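Residue numbers (my numbering): 40 to 430. C-beta: ideal position from N, C-alpha, C; glycine also. These numbers were taken from a predicted model, which means no experiment stands behind them.
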Amino acid sequence: MEERWFGRYGGMFVNEILMSALLELAESFKHIYPTKEFQEEFHGLLRDYGGRPTPLYYARNFSKLVGFKVYLKREDLLCGGSHKLNNSLGQALLAKKMGKKRLITETAAGQHGLATVMAGNICGLKTEIFMGIKDIERQALNVKKMELLGAKVKPVKTGAGVLKDAVSETLREWARCSRTTHYVMGSAVGPYPFPMIVATFQSVIGNEIKQQILKKEERLPDAIVCCGSGGSNALGAFKPFIEERNVRLYFVEGGGENLEADDSAATFQLGSPGVLHGSIMYIIQDRWGQIKPSKTRAAGLNYPGRGPEISYLCEIGRVKPCYAFDHEVFEAVKIMCKSEGLIPALETAHAIAYTLNHPEEFNSDDIVVINYSGRGDKDIEVIMRHFYGSN
């Protein structure tokens, strides 16, 4: 089990009330997660409810286009439409076994909020979701889904009304009610033990990739490319390959319009180590340590911090941090639609865009896996406005 630190990143920088809740969570995870009962119930839900294993699809037409072999790990086919369900099911089941009655969480793209209310319903737990008002506006479809499933969606009006502010509001709420309520952290960020727990539940993605690619190609991939913000889908895919030094790992951030503008969320290009939401990690900050605003066209990538483990892996050179600009992302959506008949989420399109625009990083005999983390129906209005205007 991972400890509290990844190099100089991680820790538990919270008040006394939350410290008690975090220690309870760490102890519960340590004792409950390895049990045969939990493992059977968790993997049974992933299989029978979630639809795992998700396919590893050979994208033949896209491969011809880029000049090397590309497989897509189809997390968009998971129930709910994204990788988020892996972690939400795990944490909801853990919370139920801890005796909690209610789940709270935050969401930006809406995929984690949707996954959490689904998991809460399966486990018989009430769910309340904090969401920035700007994200509520641009992810309206997922808000409707969450409400239909019975979640209470609470608009967060503080700050810029985006994910960072929703996380802050959820932590404040958890400090008030942690005896009865579990905070389902949506990404591999926050204080220990959240980064370790989220990465553990998401590692099912990478374990499946390893088994599936060995069966299809009889060798490991040369590279894995993932979009990233906090790092949950990336770490989930990377985890079983971190010690496989011949497998190159790419972490693609939201570059916005350009790196010089105020709309870039490319934290590894623009940030530095600091404290955000209870842990030390790479963050976009000013010289006084205050968080600087960021925005991308993909709500799920609009978080100014990178989780402690992904910060560490990038610092030591095991993972390559990179970025894709907005115009490249929309073009990637168009190309994936045309070549494979698939509409990716704007988050996922960042990984596709990087693969498209950097062929010099791959050889013609390379096997590359893109973690296709989510489907794009939630982004249809934004995509259509980009290509065809408001009408």
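- Residue 346 is not a Cβ neighbour of residue 230, given a cutoff of 7 Å.
- Minimum Cα-Cα distance from residue 162 among the listed residues 174, 150, 142 corresponds to 142.
- Residue 244: member of the alpha helix (DSSP H) spanning 243-256, first to last residue.
- The beta-carbon distance between residue 335 and residue 323, rounded to whole angstroms, is 12 Å. This is too long to meet the 8 Å contact definition.
- Between the alpha carbons of residue 267 and residue 290 lies a distance of about 6 Å.
- Distance from the CA of residue 328 to the CA of residue 256, rounded to the nearest whole angstrom, comes to 48 Å.
- The beta carbons of residue 244 and residue 114 sit about 7 Å from each other, so the pair counts as a contact at 8 Å.
- Excluding five sequence positions before and after residue 45, the CB atoms of its chain that fall closer than 6 Å to its own CB belong to 347, 348, 351, given in chain order.
- Non-local beta-carbon contacts of residue 314 in its own chain, meaning distances under 7 Å to residues more than five positions away in sequence, involve 52 in chain order.
- Rounded to the nearest angstrom, the gap between the Cα atoms of residue 280 and residue 428 is 42 Å.
- Fully contained in the region 146-180 are the following alpha helix (DSSP H) runs of length 4 or more, in chain order: 150-162, 172-177.
- Each of 292, 241, 262 was checked against the Cα of residue 122, and the nearest Cα belongs to 241.
- Collapsing the DSSP output to three states places residue 58 in a helix.
- Proximity to residue 232 across 65, 406, 128 peaks at 65, based on C-alpha coordinates.
- In the structure shown, residue 213 adopts helical secondary structure according to DSSP, grouped into three states.
- In this structure, the straight-line span from the alpha carbon of residue 294 to that of residue 212 is close to 32 Å.
- Checking the DSSP bridge columns, you'll see residue 263 partnered with 288, 408.
- Excluding sequence positions up to five before and after residue 330, its CB lies within less than 7 Å of the CB of 203, 315, 322, 323, 324, 343, all in the same chain and listed in chain order.
- One alpha carbon belongs to residue 303, the other to residue 270, and they sit about 17 Å apart.
- Looking from the CA of residue 57, the closest CA among 239, 317, 88 belongs to 317.
- The way I'd put it, the region 173-183 doesn't touch the region 98-105; fewer than three beta-carbon pairs between them come closer than 8 Å.
- The criterion of a C-beta distance shorter than 7 Å is satisfied by residue 108 and residue 406.
- The alpha-carbon separation between residue 175 and residue 194 amounts to approximately 7 Å.
- Excluding sequence positions up to five before and after residue 85, its CB lies within less than 6 Å of the CB of 91, all in the same chain and listed in chain order.
- Judged by beta-carbon spacing, residue 410 lies within the 7 Å limit of residue 276, meaning their Cβ atoms are closer than that value.
- With fewer than 16 other CB atoms across the displayed protein chains lying within 10 angstroms of its CB, residue 78 is exposed.
- Per the C-alpha coordinates, the member of 403, 216, 74 positioned closest to residue 139 is 216.
- Per DSSP, residue 105 lies in no beta strand (DSSP E); the unbroken alpha helix (DSSP H) holding it starts and ends at 99-105.
- Listed in chain order, the non-local C-beta contacts of residue 236 below 6 Å within the same chain comprise 68, local neighbours out to five positions each way being set aside.
- For the pair residue 369 and residue 72, the Cα-to-Cα distance works out to about 40 Å.
- Assignment of residue 206 by DSSP, reduced to helix, strand and coil, places it in the helix class.
- In the DSSP assignment, residue 221 falls within the unbroken beta strand (DSSP E) covering 220-222.
- Secondary structure at residue 329: coil, using DSSP grouped into helix, strand and coil.
- Looking at 206, 372, 152, the one whose alpha-carbon comes closest to that of residue 422 is 372.
- The alpha-carbon separation between residue 63 and residue 81 amounts to approximately 20 Å.
- Shortest Cα-Cα distance from residue 300 to any of 364, 319, 264, 284 involves 364.
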